[in-house]
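Those sequence lines, one after another, are chains A and B. Numbering-wise, this note's numbering puts 1 at position 1 of the first sequence, and it's gapless, one number per residue. Convert by adding 1000 to the 1-based position in the second sequence; the result is the number in this note's numbering. Structure, as structure tokens:
Number of protein chains: 2
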Amino acid sequence: MTYSIQTRRTIRRYTARDVDAALLNRLLTDASRTQTMGNLQLYSVVVTRSVEGKAALAPAHFNQPMVTQAPVVLTICADFRRTSVWARCRQAEPGYDNLLSFLNAATDALLFTQTFSTLAEEAGLGLCFLGTTIYMPQPIIDALKLPQLVFPVATLTVGWPAEEPPLSDRLPVESFVHDESYHDPTPGDIDRFYAAKEALPENIEFVRLNKKQTLAQIFTDIRYTKKDNELMSRGLLETLRKQGFMK
Amino acid sequence: MTYSIQTRRTIRRYTARDVDAALLNRLLTDASRTQTMGNLQLYSVVVTRSVEGKAALAPAHFNQPMVTQAPVVLTICADFRRTSVWARCRQAEPGYDNLLSFLNAATDALLFTQTFSTLAEEAGLGLCFLGTTIYMPQPIIDALKLPQLVFPVATLTVGWPAEEPPLSDRLPVESFVHDESYHDPTPGDIDRFYAAKEALPENIEFVRLNKKQTLAQIFTDIRYTKKDNELMSRGLLETLRKQGFMK
């Protein structure tokens, strides 16, 4: 085992050194060895290096500083557009304007994204994965001029690490692995699975500062609220429709 | 660069040798270093080793022989159930029964899946990713007893390789990488991007055998038809509703 997964961490601060275009191209080419549906490679990657381009993307990512400070921002998209154009150029009628096809392409895009991440980290680059990509997809679609059947599903900020943050905690493997069928966690299981996370000094401090009773309330009441999720779900569905994926 | 991505191939035939439980556990543990939303690890993995378990899953995967012949089948699920149970045990009210939350969890699950795949292949295992998982999710949900807020998004058959198939083709990197904004492919671009794929002897033979005019028609008329996609999209939406993700 040579890939250093045990020591990987998200990197949010980068040195001034640029990411060489030839290196980036090689990593993207290598990542394309990832298997995809029917070997159709239902993804595309928009590379943002310009100051204006990053500034246009930043608001969609809640102006997190990585977006404007990283030398490179990659927006990885579920893409049935290129395949559909190919079909139309070849007397074939594409039928990919539906939810299943969106999920097929999103799957291809996310698997590709993670292979790229592994290879980039192995090459010494530091990455931050921005889950915000699907919170407000429309401004990203506008900024990158994404046509119908192209939908952003992941964003990576990429650069050379200027920090080495501590490793973050993980749940024990028995919390997410199930033998033969799903075993619903009992309250006792929950206590066991979450004990280490809840006992972390930074989490205890976070709960205190926010005047909450439990760590779980930080997630449900502050970070990922029902109200925000439902509002953004409606926006997501509307944007999926606009991009042609909900026929 | 030590991970052998350039030579990775999908493996569909396996030797009789079992996959050691300790090895599998280590790979799943290591893969859980993958970043996730709020570090919540919104996924779970059901491990199927039993003959009956594999037989129950096979029909949902069109009875592809890997499912019953591989020593291990992993079904990776988007999972907001464990997190929601945790919240309820901690006086917190979860709000994750919506489309955005499904996509958040599916993203976590797919990134985890690909890290696992990389690590497993590096350990010498052979894998086949089954995209069929989201075609007919209901029988998988039934077979694995998945509760609400758990949804299968990926399946891997895992074993020791008993074949070394040729490397499959890939589109050139310029077909899927865009500088600063999306550049819609022209008919000339399409010719360039797909020339090598269309010229492969096996693809020419496949078109001839199926009495089609073009390779693209193999995809639109036989492998992934509009009619099937729309039928399965309706099923997918219905199952998302049943699993509690479309409030």
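Built from N, CA and C at the ideal position, the CB exists for glycine as well.
Contact defined as beta carbons within less than 8 Å: I believe residue i pairs with residue j. What is the distance between those atoms, to the nearest angstrom?
i: B:T1157; j: B:M1066; result: 4 Å
i: A:F151; j: A:P139; result: Going by Cβ atoms, the distance from A:F151 to A:P139 rounds to 13 Å, so no, they are not a contact pair.
i: A:A70; j: A:G159; result: 5 Å
i: A:L40; j: A:F116; result: No, A:L40 and A:F116 are not in contact; Cβ-Cβ is about 18 Å, not under 8 Å.
i: B:I1141; j: B:Q1006; result: Incorrect: roughly 37 Å between the Cβ atoms, too far for contact.
i: A:V72; j: A:V47; result: 6 Å
For residue i, which residues from the same chain have a beta carbon less than 8 Å from its beta carbon, with the 5 sequence-adjacent residues on both sides left out?
i: A:D169; result: A196, K197, L200
i: B:P1185; result: S1175, F1193
i: B:Q1035; result: L1111
i: A:H61; result: V67, L130, T132, T133, T155
i: A:S84; result: P94, Y96, L149
i: B:R1082; result: S1044
i: B:M1001; result: Since pLDDT at B:M1001 reaches only 37, below the 50 mark, its modelled position is unreliable, and no value is offered.
i: B:K1226; result: T1220
Which one of the options has the shortest CA to CA distance from residue i?
i: A:D228; options: A:Y43, A:Y135, A:D179; result: A:Y135
i: B:A1022; options: B:A1016, B:D1030, B:T1015; result: B:D1030
i: B:A1143; options: B:H1178, B:A1056, B:T1214, B:V1073; result: B:A1056
i: B:W1086; options: A:D189, A:S44, A:F151; result: A:D189
i: B:S1050; options: B:D1018, B:N1025, B:N1039; result: B:D1018
i: B:L1024; options: A:Q213, A:D179, A:N203; result: A:D179
i: A:M37; options: B:D1191, B:P1187, B:R1223; result: B:R1223
i: B:C1089; options: A:V47, A:Y182, A:D191, A:R90; result: A:D191
i: B:P1166; options: A:L236, A:R33, A:R234; result: A:R33
i: A:L240; options: B:L1103, B:V1073, B:Q1006, B:N1063; result: B:L1103
In chain order, what residues of the same chain have a beta carbon less than 6 Å from the beta carbon of residue i, not counting five sequence neighbours either side?
i: A:T113; result: I76, A154
i: A:L171; result: F193
i: B:L1146; result: none
i: B:R1008; result: E1121
i: B:T1015; result: W1160, A1162
i: B:L1215; result: E1198, N1203, V1207
i: A:Q44; result: Correcting the residue type first, residue 44 of chain A is Ser in the shown sequence and not Gln. Once the five neighbours on either side are set aside, the close Cβ partners of A:S44 are C77, D79.
i: B:E1230; result: none
i: A:Q64; result: none
Quick check on the DSSP output: the beta strand (DSSP E) that includes residue i runs from which residue to which?
i: B:D1076; result: Looking at the sequence itself, residue 1076 of chain B is Ile, so the reference to Asp does not match. Here the beta strand (DSSP E) through B:I1076 covers 1072-1079.
i: B:V1051; result: Counting along the chain, B:V1051 falls outside any beta strand (DSSP E), though it belongs to the alpha helix (DSSP H) covering 1051-1057.
i: A:T15; result: Run containing A:T15: none; DSSP gives neither H nor E here.
i: B:A1043; result: Note that residue 1043 of chain B is Tyr in the sequence shown here, rather than Ala. Segment 1043-1048, the beta strand (DSSP E) holding B:Y1043.
Which same chain residues end up closer than 7 Å to residue i when comparing Cβ atoms and leaving out the 5 residues on each side of it in sequence?
i: B:F1080; result: L1042, Y1096, S1101, A1105, L1149
i: A:I11; result: G126, L127, C128, P161, E163
i: B:R1013; result: A1162, E1163
i: B:L1099; result: F1245, M1246
i: A:E238; result: none
i: A:P59; result: P139
i: B:K1054; result: T1048, V1067, T1068, V1073
i: A:Y182; result: none
Could you please give the first and the last residue of the uninterrupted alpha helix (DSSP H) stretch that includes residue i?
i: A:S101; result: 99-122
i: A:D179; result: Segment 177-179 is the beta strand (DSSP E) holding A:D179; no alpha helix (DSSP H) there.
i: B:G1095; result: Here B:G1095 belongs to no alpha helix (DSSP H), and DSSP marks it neither H nor E.
i: B:A1162; result: No alpha helix (DSSP H) holds B:A1162; DSSP gives it neither H nor E.
i: A:L130; result: Not the alpha helix (DSSP H): A:L130 falls in the beta strand (DSSP E), residues 126-130.
i: B:R1192; result: 1187-1199
i: A:G235; result: 226-242
i: B:N1025; result: 1021-1031
i: A:I141; result: 137-144
i: A:V67; result: 65-69
Would you verify that the beta carbon of residue i is, or is not, closer than 8 Å to some beta carbon of chain E?
i: A:L130; result: Of the protein chains in the structure, A and B, none is chain E.
Query raised in the report: When the Cβ atoms of the segment 218-228 of chain A are set against those of the segment 1088-1095 of chain B, are three or more pairs found closer than 8 Å?
Result: Flag = yes, the segment 218-228 of chain A and the segment 1088-1095 of chain B touch.
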